[in-house]
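Beneath this line is the structure, given in structure tokens, with notes to follow.
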Amino acid sequence: MKLQTVGMLLAACMSSAMAAGDPSVSRQAFGEVAKVLQSPRCMNCHTITDFPRQGDDRHPHAQLIKRGPDNMGTPSLMCMACHQAANSADGLVPGAPNWHLAPLSMGWEGLSAGQMCRRLVDKTRNGNRDTPALVAHMTADPLVQWAWHPGAGRTLPPLSQQDFHEVVRRWADNGAYCPR
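Residue numbers (mature numbering (1 follows the signal peptide of the UniProt record, and there is no 0)): -19 to -1, 1 to 161.
Next comes the structure, spelled out in structure tokens:
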């Protein structure tokens, strides 16, 4: 009887460990996620400045655009005044629904992959998003998905959209661990 109890406890522990995922797989997957998050398509709006950046060289936005109190520009020049729900017909003005800057709490400039990950999963900084909500944001939010359809000569992120979605899910499914 004791052997059966030990076996059941061992099986329960193994099941619990498997449910938590594999930290090394999760950390490796986030390393791939970070490559996209550190690309200009993401970093230009995940800035630590009072203004957005633009272009692959990440220069300050033309027209002296400012962040504003709600990360959507200033009352006299909101982001959506130029950035509509889709790229302009000529592709020069990028667009996606709800165009805005990420909050300063989600600024990633100068952070390592591990620091970025810890900031990303910190609910006090990320808009109170749990892991499933982060996955939904990174794999379904139209503004995030715009990165793979940026228009007019803008460099795409280093992973395909499908590959990015896969590594985001692998990271989350294995426990959403952060690189050290």
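No residue lacks a Cβ here, since even glycine has one placed at the ideal position from N, Cα and C.
- The beta carbon of D144 lies closer than 6 Å to none in the same chain, with the five residues before and after it left out.
- When DSSP states are grouped into helix, strand and coil, M59 belongs to the strand group.
- Taken atom to atom, the span from the alpha-carbon of N79 to that of R22 is near 16 Å.
- The secondary-structure analysis by DSSP pairs Q35 across a beta bridge with H40.
- For G54, DSSP records a beta bridge to M59.
- As the crow flies, the alpha-carbon of S93 is around 11 Å from that of C159.
- In its chain, beyond the 5 residues on either side, R151 and N155 have a beta carbon closer than 8 Å to the beta carbon of V6.
- A straight line joining the alpha-carbon of T28 with that of P75 spans about 18 Å.
- Leaving aside the five residues that flank A77 on each side, the residues in its chain whose CB is nearer than 6 Å to its CB run, in chain order, P123, L124 and W127.
- Following the DSSP letters along the chain, one finds W80 in no alpha helix (DSSP H), marked with neither H nor E.
- Taking C-beta atoms under 8 Å as the contact rule, T105 and V149 fail to qualify, at a distance of about 21 Å.
- As the crow flies, the alpha-carbon of M59 is around 20 Å from that of S86.
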